[in-house]
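In full-length UniProt numbering, the protein residues as written are 1 to 402.
Even glycine gets a Cβ: it sits at the ideal position worked out from N, Cα and C.
One structure below.
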Ligand code: PMP
């Protein structure tokens, strides 16, 4: 096992669930890049699909009367995968774009149908929604909103509690339901430390949104494409959002791409009998042909190798292996769901030392909010590798405890 690793590891290559650093150390990739490497690294067939598309037509944007075949095929295919009624798609370059577009569209929808006071966007305490204007303004982690001065953030946003339906109802009633446009929620809060929803929480949230005519936006940038053992976390917890934001797992990180699924209700005032379920507006690389071809190949891999079912099968292995870390006197709590977990250390535990200890023993992890170690490996990880990772974290914790 390597004993000296430079502070900043530079990843030179990767295969499956494993990374190799520039100086030759092998590390098990617990963060899956940044929650995205669902099908694992180094897939030759993805590279071939990208090369084939690039040498045919690298991209052609989607505005106006033209499109490109991979973008149309991807939108048609996503339509069959998302739990959104009669979905259309806005294709983007990543998760922050998707959140920005979804929040703008939610507000615009209410303007369009004449309910012009509905402008407030709610979000969950602890949530993360990217770096753009809306994502920053609705961030549920205070440090992501700090430092800009309130005047440079988008007004008319408010935070609901992490998982308290009664308090959320009270807040909505105080703001006035007639003023609320949308509620944005990660089904499983990710960057905030991996918080799975309590039983009944998401259906309760959806019921509140329906009662007060608030658009529910599920931010599935992390949970989309299998991470919780269903194609979307919305499937797992039985909700049907008005909009779903997605990115990351849509290409497993092999190309930058995001999407917003928009329900028929919300798209109806803006669509005019289009033949493809794609909005005729967007940004330059909306529907980038190579990124869409990569996404199609990624979906083929997920389907052919039955990787979403694999996540379901590995869920108890991960829960047991990482759950046992809760016995460490340095650990406050372990929260696990699907193939993701947050190992929350006590506030005064030097997480940097634990992370360094893991690296020295062959496992890469990083820190999430609340002093939690980030666990969300590629779906191709084996049960033995899961147990190895948990053992390594246990050893690193022991070494720090001594
Ligand atoms: N939403 C969620 C839930 C995310 O986790 C992230 C990224 N970690 C984003 C949005 C932003 O995505 P991106 O970094 O691709 O812009």
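Using a threshold of 8 Å, is the CB atom of residue 44 nearer than that to any non-hydrogen atom of the ligand PMP?
-> No, the ligand PMP has no heavy atom inside 8 Å of this Cβ.
DSSP-derived helix/strand/coil call for residue 17 = In this structure, residue 17 counts as coil in the three-state DSSP scheme.
Report the residue from 18, 146 and 96 whose alpha carbon sits nearest the alpha carbon of residue 363.
-> Measuring from the Cα of residue 363, the nearest candidate turns out to be 18.
Any chance the CB of residue 375 is under 8 Å from a heavy atom of the ligand PMP?
-> Short note on residue 375: C-beta not closer than 8 Å to any heavy atom of the ligand PMP.
Could you check which residue in 366, 26 and 37 has the C-alpha nearest to that of residue 192?
-> In terms of Cα proximity to residue 192, the closest of 366, 26 and 37 is 366.
Which class does residue 154 belong to by DSSP, given the choice of helix, strand or coil?
-> Of the three classes helix, strand and coil, the one that applies to residue 154 here is coil, per DSSP.
In whole angstroms, what separates the C-alpha of residue 1 from that of residue 359?
-> Caution applies to residue 1, whose pLDDT of 39 falls short of 50 and renders its modelled position unreliable; the value that the coordinates give is listed next. Approximately 10 Å, taken between the alpha carbons.
What are the boundary residues of the alpha helix (DSSP H) that residue 250 is part of?
-> Note, residue 250: premise wrong, no alpha helix (DSSP H); not H, not E.
Same chain only: Cβ atoms within 8 Å of residue 3, ignoring 5 sequence neighbours per side | Residue placement at residue 3 is flagged as unreliable, the pLDDT there being 44, under the threshold of 50; a coordinate-derived value is accordingly withheld.
Near residue 49, which residues of its chain fall below 8 Å by C-beta distance, leaving aside the five closest residues on each side in sequence?
-> 293, 294, 296 and 297.
Beta strand (DSSP E) segments (min. 3 residues) lying fully within the segment 343-399 = Those beta strand (DSSP E) runs which fall completely within the segment 343-399 and span 3+ residues are 372-375.
Using 8 Å as the Cβ pair cut-off and three pairs as the minimum, do the segment 93-113 and the segment 247-265 touch?
-> As far as the Cβ criterion goes, the segment 93-113 touches the segment 247-265, which means the pair count is three or higher.
For the beta strand (DSSP E) holding residue 33, just list the boundary residues, first then last.
-> From DSSP, residue 33 is part of no beta strand (DSSP E) but of the alpha helix (DSSP H) over 32-35.
My guess is that residue 247 and residue 94 are in contact by the Cβ rule of under 8 Å, so how many angstroms apart are they, rounded?
-> With 8 Å as the limit, residue 247 and residue 94 qualify as a contact, their Cβ atoms being about 5 Å apart.
Which one of 307, 341 and 309 has the shortest CA to CA distance from residue 403?
-> No information on residue 403 is available, as it lies outside the stretch 1 to 402 that the chain covers here.
Just to check, is the beta-carbon of residue 288 closer than 8 Å to a non-hydrogen atom of the ligand PMP?
-> Taking 8 Å as the cut-off, the C-beta of residue 288 does not count as close to any heavy atom of the ligand PMP.
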